[in-house]
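Engineer:
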Amino acid sequence: MSELIRSVNTPPINHAFTPSNHLSPFIILTSTIETLNNPNALVQLYESYLEPLNLTNSDDLNKATNLTHVIRECCLKTITLNGVPKAINSLSAIRGVIPEIIKERISNQPQSRALTSENLDQFKARGEDLWESIYHPFHEKLVNILNQNHPDMGRYIIDNHYAALLAPPSPDNPIGRVETSIIAVACLRTQGGVNPQLLSHAYGLQKAGESEFGWIASDLNELM
Numbered sequence: 702m703s704e705l706i707r708s709v710n711t712p713p714i715n716h717a718f719t720p721s722n723h724l725s726p727f728i729i730l731t732s733t734i735e736t737l738n739n740p741n742a743l744v745q746l747y748e749s750y751l752e753p754l755n756l757t758n759s760d761d762l763n764k765a766t767n768l769t770h771v772i773r774e775c776c777l778k779t780i781t782l783n784g785v786p787k788a789i790n791s792l793s794a795i796r797g798v799i800p801e802i803i804k805e806r807i808s809n810q811p812q813s814r815a816l817t818s819e820n821l822d823q824f825k826a827r828g829e830d831l832w833e834s835i836y837h838p839f840h841e842k843l844v845n846i847l848n849q850n851h852p853d854m855g856r857y858i859i860d861n862h863y864a865a866l867l868a869p870p871s872p873d874n875p876i877g878r879v880e881t882s883i884i885a886v887a888c889l890r891t892q893g894g895v896n897p898q899l900l901s902h903a904y905g906l907q908k909a910g911e912s913e914f915g916w917i918a919s920d921l922n923e924l925m
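Its first residue numbered 702, the sequence shown is counted upward by one per residue in the working numbering.
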């Protein structure tokens, strides 16, 4: 596991991970392992990232807490790509090894995706925005194609996955637009046999790099 982490943490030659996306390798590995339905390996990954941290140090504790938020949110979002059963397996395994000091910190984490009559329009708008940002300029055409498969398919996917799950429910959510596309690409690449969907999300990831979030990996000359 340590060799795998070291390999994925090494960006391409002459490139470097940007400060805002330094956890991209962790997200890639989490999504890949979750797709393979290997909770034990996911636990090893989580513990490998926690191991260098001193949880009695406030800065390290904050980093460890953030890692925990990231891996849980990542596994939750894989529901759209890999299904509910794998997500349950993964999140249950992670829950069993979260250090007590972190459990105390996250025990009161409120629900952020509960739909109500007051927030329904906001959720739907976020879903539409995410859908368009990934698939533009083909977002409307794609809905029509999906609806030819089944009249409810396009609306169901946008409302119940992009709006209710994939779109960040709040600005401080650890998995933003770029990270969501990373999850999609990692899951689909690992699954195999879904090249059209993989290509769509790969383009979506590229377009996310043109937004305020910046590239996953940037040219070193641009960072220096």
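For each residue, glycine too, the CB sits at the ideal point set by N, CA and C.
Report yes or no: do the stretch 897–909 and the stretch 831–846 share at least 3 C-beta pairs separated by less than 8 angstroms?
Structural biologist: Short answer: they touch.
Engineer: With respect to the alpha helix (DSSP H) encompassing residue 900, which residues constitute its N-terminal and C-terminal limits?
Structural biologist: In the sequence shown, counting from the first residue as 1, residue 900 sits at position 199. Residues 896–909.
Engineer: Enumerate in chain order the residues of its own chain whose CB-to-CB distance from residue 987 is below 6 angstroms, with the five nearest sequence positions on each side excluded.
Structural biologist: Residue 987 is absent from the structure shown; the chain starts at 702 and stops at 925.
Engineer: Cutting at 8 angstroms between CB atoms, please list the residues of its own chain near residue 807, excluding the five before and the five after it.
Structural biologist: If you number the sequence shown from 1, residue 807 lands on position 106. 766, 769, 770 and 799.
Engineer: Are three or more beta carbon pairs between the stretch 814–830 and the stretch 842–862 nearer than 8 angstroms?
Structural biologist: Because the criterion of three Cβ pairs below 8 angstroms is met, the stretch 814–830 and the stretch 842–862 touch.
Engineer: Leaving out five residues before and five after residue 724 in sequence, what residues of the same chain have Cβ atoms less than 7 angstroms from its Cβ?
Structural biologist: Within the sequence shown, residue 724 is the residue found at index 23, counting from 1. Only 771 meet the Cβ criterion.
Engineer: Hey, out of 883, 896 and 895, whose CA is closest to residue 779's CA?
Structural biologist: Along the sequence shown, one-based indexing puts residue 779 at 78. That would be 883, whose Cα lies nearest to the Cα of residue 779.
Engineer: Does DSSP put residue 869 in a helix, in a strand, or in coil?
Structural biologist: Reading the sequence shown from its first residue, position 168 is the one you call residue 869. In the structure shown, residue 869 sits in coil (DSSP, three-state: anything other than H, G, I, E or B).
Engineer: On the CB-based measure, 16 or more other CB atoms within 10 Å of its CB, does residue 838 come out buried or exposed?
Structural biologist: What you label residue 838 is simply residue 137 of the sequence shown in a count that begins at 1. By the neighbour-count rule (16 or more Cβ atoms within 10 Å), residue 838 is not buried but exposed.
Engineer: Nearest by alpha-carbon distance to residue 890: which of 816, 801, 782 and 875 is it?
Structural biologist: Locating residue 890 in the sequence shown gives position 189, where the first residue counts as 1. That would be 782, whose Cα lies nearest to the Cα of residue 890.
Engineer: Quick check on residue 900: buried or exposed, where buried means 16 or more other Cβ atoms within 10 Å of its Cβ?
Structural biologist: For this step, residue 900 is matched to residue 199 along the sequence shown. Looking at its Cβ environment, which holds fewer than 16 other Cβ atoms inside 10 Å, residue 900 is exposed.
Engineer: Between residue 913 and the rest of its own chain, which residues show a CB-CB distance below 7 angstroms, the 5 nearest in sequence each way excluded?
Structural biologist: For the purposes of this step, residue 913 is taken as the residue at position 212 of the sequence shown. Residue placement at residue 913 cannot be trusted, given a pLDDT of 44 that sits under 50; what the coordinates show is reported in the next sentence. Result list for residue 913: empty, nothing under 7 angstroms.
Engineer: Less than 8 angstroms between the beta carbons of residue 870 and residue 814, yes or no?
Structural biologist: For this step, residue 870 is matched to residue 169 along the sequence shown. For this step, residue 814 is matched to residue 113 along the sequence shown. In this structure, residue 814 lies closer than 8 angstroms to residue 870 by Cβ.
Engineer: Starting from residue 812, trace the alpha helix (DSSP H) both ways and give me its first and last residue.
Structural biologist: Taking the sequence shown and counting its residues from 1, one reaches residue 812 at position 111. Counting along the chain, residue 812 falls outside any alpha helix (DSSP H), and DSSP gives it neither H nor E.
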